[in-house]
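Offset between the sequence shown (1-based) and the numbering used here: plus 85.
Yeah, the Cβ is synthetic: ideal placement off N, Cα and C, and Gly gets one too.
Keep in mind that this is a model prediction, so the values were computed, not measured.
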Amino acid sequence: MTIADDAFAAGGGATDGRALIQERCSSCHQKEADGTLHRIDHVRKTPEGWTMTLFRMRQFHGVALSEEEQRTLVAYFADRQGLAPEETAPYRYVLERRPAVVEEPVTDGDLSVMCARCHSVARVGLQRRDADEWTRLVNFHLGQWPTIEYSAQGRDRKWWEIASTQIPQLLGTKFPFKTDAWTDWQAAPKPDLAGRWAVAGHRPGIGSYGGTATVTKAENGYRVTYELTDAAGKPLSGEGRSVVYTGYEWRGTGTLDGKPVREVFAASRDGSRLDGRWFLTQQDEVGGSLHALRIGGTASAILGTSQSFLKAGTTARITLWGAGLDRGEIAFGPGVSAKILSRSPTAMTVEATAAADAAPGARSLTVGGARTDGFAVYATLDSVRVEPDYAIARIGGNSGPVPPMTAQFEAVGYLNGPDGKPGTEDDVRVGPMPASWNVEPFNEAAAQMQDAKFAGAMGPTGLFMPAGAGPNPQRQFGTNNIGDLKIVGTVQDGSATLTGSGRLISTVQRWNDPPIH
86 MTIADDAFAA GGGATDGRAL IQERCSSCHQ KEADGTLHRI DHVRKTPEGW
136 TMTLFRMRQF HGVALSEEEQ RTLVAYFADR QGLAPEETAP YRYVLERRPA
186 VVEEPVTDGD LSVMCARCHS VARVGLQRRD ADEWTRLVNF HLGQWPTIEY
236 SAQGRDRKWW EIASTQIPQL LGTKFPFKTD AWTDWQAAPK PDLAGRWAVA
286 GHRPGIGSYG GTATVTKAEN GYRVTYELTD AAGKPLSGEG RSVVYTGYEW
336 RGTGTLDGKP VREVFAASRD GSRLDGRWFL TQQDEVGGSL HALRIGGTAS
386 AILGTSQSFL KAGTTARITL WGAGLDRGEI AFGPGVSAKI LSRSPTAMTV
436 EATAAADAAP GARSLTVGGA RTDGFAVYAT LDSVRVEPDY AIARIGGNSG
486 PVPPMTAQFE AVGYLNGPDG KPGTEDDVRV GPMPASWNVE PFNEAAAQMQ
536 DAKFAGAMGP TGLFMPAGAG PNPQRQFGTN NIGDLKIVGT VQDGSATLTG
586 SGRLISTVQR WNDPPIH
C-alpha cells in the first residue's frame, strides 16, 4: 500500500482509534493540562491530510503502524478532526486531483510566496490550526528544509521574521482551528448514502455519460454498482467500495469499464447529491466529473446531456440524464422541435431538430420542472478555444520507474456575446467539437531546441502523449525530451476552418506524488 491508498480503504471504529492513539502516539504527544494531546488535538485535516501526517510519523520518526492501524487512525481523525463541507469547498480540485488547475494568487499577506512557491495553496487551505500551532508548523518547515530561507523568493526578504511573526497570525485568522462551520457540522445529522442514484458526468476528450448507481451498506462503508451509457449509447459498467469520512467525504475504489479507478466525491448536507471526480488509479490525470442525485424524491433535475449544442438546420439524437425525466414535456426553446424516442425516470432520448432560422445563443433546456442552462443553438461558430489553455505533462517510462503523465485537451466552440468580440467574458460556450490536432513550438527558444519534434505527440482525441524519459542523444546538448509547446486544435465548421491554441509544458518526472500536492 502506498501513501495515497489509506484514504480510499476501510477503517476501524472509534474505540480502536482511541486505543491506538494512547498506545502509539501518547509517548511523544503528551497530555496537556486540559486533557488534550500536544499537537495532535490542535489540528484539523482532510482524510488525505491525516494520511500524510501518519506517513510522516512513520517515515521520519519510526512509528510502528500496520496498514490496518493506519487506516483506522485516518478514519478516526478525519471524523473527529476533519473539515466542514464549506471549508473544503474552495479547494476540492486538489483532493479530486484535477489536472491543469492554475490556482488564483493569494491576496492576503505574502502567502503565495511564503507558502505556495513549494506546494499548492490548497495544501494550506485544507488544514485548520490556531496561530500557535501554525507557528510550530513554520518551525518544522525550517528544521526539515533549512534551505527554505535561502532559496528563490526566500533570500530576497526577511524570511524568518515574516515566517515567524506575520504568517502564523495571518493563517490563524484565515484558517483557524475553531470555526462555526465545523461546530455546526459536528452537530448536524450525517446522511445515509445507501439508495439508487441518477448519475451523469463528462470525461474530457471522450464525452459525456450517464445512468444510475446503486449504493448499499457494507462493513465500514458502502458498495456501489454503476449502470451507465456513454454519449454514443455504449454501455459502461462499474463496481466498487467506498468509505465516507467526516460524514460527507466519499472515497472509493473499484473498476469502471474494466479499468481500476478511484473516486473523490462530496455528499451534500442532506445526502441528496454527490459531486466530484473519478480517475484512473495509476494515471490520475485521466478521469471525469460525476454528478449524482438520489432517486426517490419528488425533485427532478437534468444532470447532463450527450451533447450540449444543436446546429441550426440539423437533426441530432440527444440523450438527457437525470431524475424525474418521465414527467412533463421537453422543450429546447423557440425554433427547436423534439420527438421523444424513449424515456424513463433517469434518462430520455429525443430526436431534436433545429430550424434553419433558429435563433443562435444559449438556451434553457427543460423537462417538466427540470431545467439546465448549459445548451446552445448555433448557425456558425465564431471562435474555438483550446481547453485547458495551459497544462503540464511529464515525460516518463522508457524503462524508468515513473510512467509518463499525459495531458488532455478539447477544442470548444464559442459564439460571440453581446459585445460582438471573440475571447471575452460574455461569449457563449457551445461545447467540445471534433477537431484535428498538432503541436508547434511555443516560442523561439522552443523552435531552436526542436521541442515539437522531440517532446511528444497529439492523439486524435486531443490527448498529448509525452516522449520517453532520459537523455536523448539526438537532441541538442543530449538533453531529455521536455518541451514548451503550442497545442493547436482545428475545427471544420461547414466551409469555415477555425483554430484555437493553448500552451503545454512537457516537463520532467515527479518523483514524489503525495495525496495533496
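Q) With a Cβ-Cβ cutoff of 7 Å, do VAL524 and MET543 count as a contact? A) yes
Q. Which residues in the same chain have their Cβ closer than 7 Å to the Cβ of ASP578, if we skip the five residues on either side of it in sequence?
A. If we look at ASP578 and ignore the five residues flanking it on each side, its Cβ neighbours are THR465, LEU466.
**Q.** Proximity of GLY398 and ALA441 at Cβ, strictly below 7 Å
**A.** Against a cut-off of 7 Å, the Cβ pair of ALA441 and GLY398 comes out as a contact.
Q | Helix, strand or coil at GLY295 according to DSSP, with G and I counted as helix | A | strand
Q | 7 Å Cβ cutoff met for THR546 and GLY306 | A | In this structure, THR546 keeps its C-beta atom at 7 Å or more from the C-beta atom of GLY306.
Q. What is the DSSP secondary structure of ASP265, reduced to helix, strand or coil?
A. helix
Q) Taking contact to mean at least 3 C-beta pairs separated by less than 8 Å, is the stretch 556-568 in contact with the stretch 97-116? A) The stretch 556-568 vs the stretch 97-116: no contact.
Q: May I ask you to verify whether the stretch 206-214 touches the stretch 174-184, counting CB pairs closer than 8 Å and requiring at least 3?
A: yes
Q | Exposure of LYS130, with buried meaning 16 or more beta-carbon neighbours within 10 Å | A | Buried is the call here.
Q. Quick check: the stretch 113-125 against the stretch 337-344, are there 3 or more CB pairs under 8 Å?
A. no
Q) Helix, strand or coil: which one does DSSP assign to MET199? A) helix
Q) What span of residues does the beta strand (DSSP E) with ILE477 cover, start to end? A) In the DSSP annotation of this structure, the continuous segment of the beta strand (DSSP E) that includes ILE477 starts and ends at 475-479.
Q: Note the first and the last residue of the continuous alpha helix (DSSP H) segment covering GLY290.
A: It is not in any alpha helix (DSSP H) - GLY290 carries neither H nor E in the DSSP assignment.
Q: Mind checking which residues open and close the beta strand (DSSP E) that includes MET543?
A: 541-543
Q: Could you name the residues of the same chain whose beta carbon sits closer than 6 Å to that of PHE93, not counting the 5 residues immediately before and after it, in chain order?
A: ARG336, THR338, ARG347
Q.
Could you check whether GLU234 and TRP244 sit closer than 7 Å to each other, using their CB atoms as the reference points?
A. yes
(Q) If I follow the unbroken alpha helix (DSSP H) through TRP596, where does it start and stop? (A) That residue, TRP596, is in no alpha helix (DSSP H); it is neither H nor E in DSSP.
Q. Between which two residues does the beta strand (DSSP E) carrying THR376 extend?
A. Sequence inspection shows His at residue 376; the Thr mentioned does not correspond to that position. Note, HIS376: beta strand (DSSP E), 368-379.
Q. Counting Cβ pairs, one atom from each stretch, are 3 or more of them under 8 Å apart for the stretch 398-412 and the stretch 351-370?
A. no
Q: Would you kindly report the start and end of the unbroken alpha helix (DSSP H) that includes GLU172?
A: 170-173
Q | For PRO345, the residue or residues it bridges with in DSSP | A | THR340
(Q) For THR575 and LEU583, what's the separation of their Cα atoms in angstroms? (A) Rounded to the nearest angstrom, the two C-alpha atoms are 6 Å apart.
Q. According to the Cβ coordinates, are TYR463 and VAL515 closer than 7 Å?
A. A contact, by the Cβ cut-off of 7 Å.
Q | ILE88 classed as buried or exposed, judged by whether at least 16 other C-beta atoms fall within 10 angstroms | A | Residue placement at ILE88 is flagged as unreliable, the pLDDT there being 44, under the threshold of 50; a coordinate-derived value is accordingly withheld.
Q. Identify the residues that DSSP records as bridge partners of MET490: which are they?
A. ARG479
Q) Which residues share a DSSP beta bridge with SER357? A) SER357 is not bridged to any residue.
Q: Output the distance between the C-alpha atoms of GLU472 and GLY286, rounded to the nearest integer angstrom.
A: 17 Å
Q.
Rounding to the nearest angstrom, what Cα-Cα distance links VAL593 and THR451 in this structure?
A. 47 Å
Q) Would a C-beta distance cut-off of 7 Å place LYS571 and PHE539 closer than the cut-off? A) With a cutoff of 7 Å on beta-carbon distance, LYS571 and PHE539 are scored as not near each other.
Q) In terms of residues, what are the limits of the beta strand (DSSP E) holding TYR330? A) 320-330
Q) Which ranges would you report for the beta strand (DSSP E) in the stretch 397-480 if only whole runs of at least 3 residues count? A) 400-408, 421-428, 432-439, 446-452, 455-463, 468-472, 475-479
Q | Identity of the residues DSSP links to ALA283 by a beta bridge | A | THR297, LEU378
Q) Which residue from VAL329, ASN557, TYR311 puts its Cα closest to that of ALA377? A) TYR311
Q. If you run the structure through DSSP and keep just helix, strand and coil, what is GLN577?
A. strand
Q) Per DSSP, VAL497 forms a beta bridge with which residues? A) ARG470, PRO517
**Q.** Residue span of the alpha helix (DSSP H) that contains VAL148, given as start and end
**A.** No alpha helix (DSSP H) contains VAL148, which DSSP labels as neither H nor E.
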